[in-house]
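Notes follow the structure.
In my numbering, the protein residues as written are 2 to 245.
This is how it looks when you write it as structure tokens:
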């Protein structure tokens, strides 16, 4: 019975603690709101001032040449295999170094391939070449040159006609990253969580006695009387006046 009573008492104390924390958070709601707004503002300003915008441009190649005829399922399967081969050729050193040399780029192979994605679009024989760069015009130029260089390389390797370019890349009007709205939202959430954590931790670490309820809660003792601080201050002032 004693064990059950102790468990019951601990549950009650835990509920009281959670209620106290909730009350503290309600009292500090203005702080939480300010921290949330401040987090959003700081994140937005940081994104604008310190994060370099990145632009994307894409071009597309049809993997079959003009002389290729599709007459059977085997031809379609061959197209799927060619798509995989083209993906590998797209970021091969001869293709990349030709683009770097043609455009006069000040970069190396390893850094360049990190900005390029060559992918076969689902259920198609189309190869998409996407380039990311801080300069929107340069991103479009690189993507177009990648398509030309890849077509030439395929013709050389397979000893056939150059694959057709389905779509040339255009200059992007908007940056693909960073997302200002997303970063502002994340900043607001972070400000909210940080403020919440500080308030809760400060409350949990504060073990000072502030009221009669705290005396009963922490010291397991009952109070006989409570003297208001205002009355104590007035009595001390009176004593000082008498002495003077």
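Ideal placement from N, C-alpha and C gives every residue a C-beta, glycine not left out.
| query | result |
| --- | --- |
| Own chain partners of residue 84 with C-beta closer than 8 Å, once the 5 adjacent residues on each side are dropped | 64, 121, 126, 128 |
| Contacting residues, own chain, Cβ-Cβ under 8 Å from residue 158 (five flanking each side not counted) | 90 |
| Cβ-Cβ separation, residue 101 to residue 167 (assumed contact under 8 Å), whole Å | That pair is no contact at about 24 Å. |
| The segment 197 to 207 contacting the segment 170 to 187, beta-carbon criterion three pairs below 8 Å | no |
| Where the beta strand (DSSP E) containing residue 146 begins and where it ends | Element bounds for residue 146: not the beta strand (DSSP E) but the alpha helix (DSSP H), 137 to 159. |
| Buried or exposed (CB count within 10 angstroms, at least 16 for buried), residue 96 | buried |
| Close beta carbons around residue 20, own chain, < 8 Å, minus the five adjacent residues each side | none |
| Per-residue DSSP class, three states only, for residue 203 | helix |
| Cβ shell of residue 172 (< 6 Å), same chain only, five flanking positions each side left out | 137, 138, 141 |
| Pairwise C-alpha distance: residue 58 and residue 182 | 22 Å |
| From 135, 28, 123, residue whose alpha carbon lies closest to that of residue 177 | 135 |
| Bridge-paired residues (DSSP) for residue 55 | 178 |
| Beta-carbon contacts of residue 108 that lie in its chain and below 8 Å, excluding the five residues immediately before and after | 101 |
| Where residue 85 falls: helix, strand or coil (DSSP) | helix |
| Residue 61 - partner residues in DSSP beta bridges | 129, 168 |
| Backbone CA spacing between residue 32 and residue 54 [nearest angstrom] | 33 Å |
| Extent of the continuous alpha helix (DSSP H) run through residue 121 | Unbroken run through residue 121 is the beta strand (DSSP E), 117 to 121; no alpha helix (DSSP H). |
| Boundaries (first-last residue) of the alpha helix (DSSP H) holding residue 107 | Run containing residue 107: none; DSSP gives neither H nor E here. |
| Beta-carbon proximity check, residue 119 vs residue 98, cutoff 7 Å | no |
| Residue 24 in three-state terms, based on DSSP | helix |
| CB of residue 116 within 7 Å of CB of residue 133, strictly | yes |
| For residue 134, the residue or residues it bridges with in DSSP | 56 |
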